[in-house]
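Counting along the sequence shown from 1, when you hit position 93 you're at 331 in my numbering, and nothing is skipped either side. The structure under discussion appears below in the form of structure tokens.
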Amino acid sequence: MNNYDVLVFGGSSGIGLASAIEFNKNNLSVLALSRNATASDELKTNGIAAINYNILDIEALPTLLQTTPSVKHIVLTTRFPLPWGLLKDIDICESRNYFEQLWTYLLVIKEACNSLKRLESITIISGAISKNNKAGTINVKLMASSLNEVARTLAVEIAPIRINVVAPGLVDTPLYDGIINKDQIFDEFKASVPLHRVGQADEIAKAIYFVASNKNMTGAIIHIDGGATL
Ligand SMILES: NC(=O)c1ccc[n+]([C@@H]2O[C@H](COP(=O)([O-])OP(=O)(O)OC[C@H]3O[C@@H](n4cnc5c(N)ncnc54)[C@H](OP(=O)(O)O)[C@@H]3O)[C@@H](O)[C@H]2O)c1
Numbered sequence: 239m240n241n242y243d244v245l246v247f248g249g250s251s252g253i254g255l256a257s258a259i260e261f262n263k264n265n266l267s268v269l270a271l272s273r274n275a276t277a278s279d280e281l282k283t284n285g286i287a288a289i290n291y292n293i294l295d296i297e298a299l300p301t302l303l304q305t306t307p308s309v310k311h312i313v314l315t316t317r318f319p320l321p322w323g324l325l326k327d328i329d330i331c332e333s334r335n336y337f338e339q340l341w342t343y344l345l346v347i348k349e350a351c352n353s354l355k356r357l358e359s360i361t362i363i364s365g366a367i368s369k370n371n372k373a374g375t376i377n378v379k380l381m382a383s384s385l386n387e388v389a390r391t392l393a394v395e396i397a398p399i400r401i402n403v404v405a406p407g408l409v410d411t412p413l414y415d416g417i418i419n420k421d422q423i424f425d426e427f428k429a430s431v432p433l434h435r436v437g438q439a440d441e442i443a444k445a446i447y448f449v450a451s452n453k454n455m456t457g458a459i460i461h462i463d464g465g466a467t468l
């Protein structure tokens, strides 16, 4: 048995790593989970526990939850390959695979609510795209909007366990590593938002900690996006 307070799915990089560090700074014991989490030097440097865990491996979930009975907070911030594209071009099979993330999140929420007796909060990361309508975003828009509605509907159903969403705009994380036109994407985002800047992972992490720790927040969608949704 382990005495973790927080599980961060996708906790080895970007927003998840920053939120693991934020919870840890606030004296909560964190377990970061991702496919290669044990290789993260940042987690080691910050003294944060890690296990290699693929959220799609649903058979591993019961054992994980049985061995972490003290968990109070769950953060869902894994990243799946984003199938951008116009409807006329996208591969619908790829879109279906992408939506595995949604069902997997629902499964984690269901099993965690059923078995973690001390669970207080669940925080999901969606995105500003849920409020924007742009060509080529249909898959990602559907995912972000669905995640928002998961939180709003389940907030009513699973209370007193709380469930909230943090919805970032563009955030400078390893998600963009290796993307050839990264500079162009960042420049276009900066030009399009009122604050003319790209977000940082620690700014999102502070909001994640805030919604998780605020005992009167549930069903909230917090936009941290430089004004991208205005
Ligand atoms: N960055 C942005 O601009 C932005 C904007 C809006 C929303 N978001 C959303 O925020 C979330 C986090 O994004 P990020 O920018 O922090 O991405 P990131 O830096 O690429 O981190 C993604 C994390 O997910 C983990 N992961 C991927 N597949 C997994 C799987 N099957 N099982 C377990 N863990 C898995 C990765 O670790 P492993 O590779 O070790 O598995 C990594 O820890 C994503 O849902 C993303 O869509 C990001």
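The beta-carbon is built from N, C-alpha and C at its ideal position, and this holds for glycine as well.
query = Helix, strand or coil: which one does DSSP assign to S384?
reply = Along the sequence shown, read from residue 1 onward, the residue named residue 384 stands at position 146. Here S384 sits in helix by DSSP.
Margin query: For Y291, would you say it is in contact with chain B, using Cβ-to-Cβ distances shorter than 7 angstroms as the test?
Written below: Absent from the structure: chain B. Only one protein chain is present.
State the start and end residues of the unbroken beta strand (DSSP E) segment that holds I330.
Counting from 1 along the sequence shown, the entry for residue 330 is found at position 92. In the DSSP assignment, I330 falls outside any beta strand (DSSP E) and lies within the alpha helix (DSSP H) extending over 330-336.
Restricting to Cα atoms, I'd like to know which of A443, A287, V244, S364 is closest to L320.
Here residue 320 refers to the residue found at position 82 of the sequence shown. Checked all of A443, A287, V244, S364; the closest Cα to L320 is S364.
Query raised in the report: Mind checking whether the beta-carbon of V404 lies closer than 6 angstroms to any heavy atom of ligand 1?
Result: Counting from one through the sequence shown, the residue named residue 404 turns up at place 166. No, Cβ of V404 sits at least 6 angstroms from all heavy atoms of ligand 1.
Next on the checklist: Between which two residues does the beta strand (DSSP E) holding F247 run?
Outcome noted: Numbered from 1 along the sequence shown, position 9 holds the residue referred to as residue 247. Segment 244-247, the beta strand (DSSP E) holding F247.
- Message: Tell me the DSSP secondary structure of I289 in three-state form.
- Response: Mapped onto the sequence shown, residue 289 falls at position 51. Strand, per DSSP.
Taking the DSSP output, what are the residues bridged to V313?
Translated into positions along the sequence shown, residue 313 becomes position 75. BP columns for V313 point to V246, T361.
| said: Tell me whether I418, by its Cβ, gets closer than 6 angstroms to a heavy atom of ligand 1. | reply: In the sequence shown, the residue the question calls residue 418 occupies position 180. In this structure, I418 has its CB at a distance of at least 6 angstroms from all heavy atoms of ligand 1.
What are the residues that DSSP puts in a beta bridge with L299?
Indexing the sequence shown from 1 puts residue 299 at position 61. Per DSSP, none; premise fails for L299.
**Study point:** Per DSSP, the bridge partner or partners of S272
**Key:** Here residue 272 is taken as the residue at index 34 of the sequence shown, counted from 1. Note: S272 sits in a beta bridge opposite N290.
(message) Let me check you understand the geometry: is the CB of T342 closer than 6 angstroms to at least one non-hydrogen atom of ligand 1?
(response) Taking the sequence shown and counting its residues from 1, the one referred to as residue 342 is at position 104. False, no ligand heavy atom lies under 6 angstroms from that Cβ.
| task | For L340, collect the residues of the same chain with a Cβ closer than 8 angstroms to its Cβ; drop the 5 residues on either side in sequence, then sort them by chain order. | result | In the sequence shown, the residue the question calls residue 340 occupies position 102. These residues qualify, in order along the chain: M381, S384, L385, V388.
* Asked: Any heavy atom of ligand 1 within a distance shorter than 6 angstroms of the CB on N284?
  -> Position 46 of the sequence shown, counted from the first residue, corresponds to residue 284. No, the Cβ of N284 stays beyond 6 angstroms of every heavy atom of ligand 1.
I442: first and last residue of the uninterrupted alpha helix (DSSP H) it sits in:
Position 204 of the sequence shown, counting from 1, holds the residue named residue 442. Its alpha helix (DSSP H) spans residues 439-451.
Exercise. Could I get the ranges of all uninterrupted alpha helix (DSSP H) runs contained in the segment 370-414, with 4 residues as the minimum, in chain order?
Key: As summarised for the segment 370-414, the continuous alpha helix (DSSP H) elements at least 4 residues long and confined to that stretch are 376-396, given in chain order.
Inset, instruction - Please say whether G248 and T315 have beta carbons closer to each other than 7 angstroms? - result: By 1-based counting over the sequence shown, the position of residue 315 is 77. By 1-based counting over the sequence shown, the position of residue 248 is 10. Going by C-beta atoms, T315 is nearer than 7 angstroms to G248.
_For the pair the segment 253-272 and the segment 280-295, tell me if three or more CB-CB distances fall below 8 angstroms._
The segment 253-272 is in contact with the segment 280-295.
Practice problem: Determine the DSSP secondary structure at I462, reduced to helix, strand or coil. | Solution: As a position in the sequence shown, residue 462 is number 224, starting the count at 1. Correct three-state label for I462: strand.
For this session: Thinking L408 and V436 are a contact (beta carbons under 8 angstroms), I'd like their distance in whole angstroms, please.
Result: The count along the sequence shown starts at 1 and reaches residue 408 at position 170. The count along the sequence shown starts at 1 and reaches residue 436 at position 198. At roughly 5 angstroms, the Cβ-Cβ gap stays under 8 angstroms, so L408 and V436 are in contact.
Are the CB atoms of G457 and V431 within a distance shorter than 7 angstroms? By one-based count along the sequence shown, residue 431 stands at place 193. By one-based count along the sequence shown, residue 457 stands at place 219. No.
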